[in-house]
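Novice: The opening residue of the sequence shown carries number 1 in the UniProt record's numbering; numbering runs sequentially from there. All C-beta atoms in this analysis are idealised placements derived from N, C-alpha and C, irrespective of residue type, glycine included.
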Amino acid sequence: MNRTIRTILGRNLAWAAGVAAGLIVLAVVAALHREEVQIQQEIASCVVRFHVKANSDRKQDQENKLAVRNALLEEMERMLGEASGKRETEEILRENLTELEFCAENVLRERNCDQQVEVSFGTSWFPRKTYGEYTFPSGEYEALNVRIGEGGGHNWWCMVYPSLCFPDALHPVPDEEGEQELETILSDEAYDSILKHGNLRFSFFLAFFGHSG
């Protein structure tokens, strides 16, 4: 009888310990998620993204996307040369949507493409993306959006403020001024979180608890 009682007590204690450990893990995961959301919101409040969607994944459509991207980057460099801060960047882009759309359409016409282009500015959802040495969390960001044709192909994106747009995304050449400004406008915690090594923290936590026990 005593052995049976001890066995039952032991099982109950083990069950209670397991439940307690599970609750601790859930609490920590919830806290990390809240922190991640807060960091994403801080980053989103400080940056402006640039997003170009191709008509499709066909070779010609992807080449058209890159041609439009190059022309708009050049045009925005001229427009935003004297812009200071996110708000002024947004204002300039909003005021010049028609001009940017006209520029994109001209590029396509020169390439014998009759697809329509829609250029807009607003809040868009982006998945988690790595760009150069930075990894930006998923979430909503203010962005200049360019949709070519059906907009069903692979897209291209960069950060127009601070200026982190690399025409060659496979071999990005950092804009030191843009990088310095990004580090300045973000808190230390937010800046560290978007560096590649900073995103390992949450993965390490999950790996540790996933393999424990």
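Can you give me the C-alpha to C-alpha distance between Leu66 and Thr89, rounded to a whole angstrom?
Specialist: Their Cα atoms are separated by approximately 23 angstroms.
Novice: Are the CB atoms of Gly122 and Ser56 within a distance shorter than 8 angstroms?
Specialist: Gly122 sits away from Ser56, with the two beta carbons spaced by 8 angstroms or more.
Novice: For the beta strand (DSSP E) that contains Asn70, what are its first and last residues?
Specialist: Unbroken run through Asn70 is the alpha helix (DSSP H), Lys59 to Met79; no beta strand (DSSP E).
Novice: In chain order, what residues of the same chain lie with their CB nearer than 7 angstroms to the CB of Ile92, ignoring the 5 residues before and after it?
Specialist: Met79, Leu80 and Ala83
Novice: Taking Cβ to Cβ, would you say Val160 is nearer than 8 angstroms to Arg49?
Specialist: yes
Novice: How many Å lie between Trp125 and Ser138 at the Cα?
Specialist: 7 angstroms
Novice: Excluding sequence positions up to five away, which residues of its chain have a Cβ less than 6 angstroms from the Cβ of Pro162?
Specialist: Gly178, Glu181 and Leu182
Novice: So, is the C-beta of Glu176 closer than 8 angstroms to a C-beta in chain D?
Specialist: Among the chains in the structure shown there is no chain D, since it carries only a single protein chain.
Novice: Hey, could you find the ends of the alpha helix (DSSP H) Glu183 is sitting in?
Specialist: Glu176 to Ile185
Novice: Helix, strand or coil: how does DSSP classify Ser124 here?
Specialist: In the three-state reduction of the DSSP assignment, Ser124 falls in the strand class.
Novice: Distance check for Glu150 and Cys46, CA to CA, integer angstroms please.
Specialist: 30 angstroms
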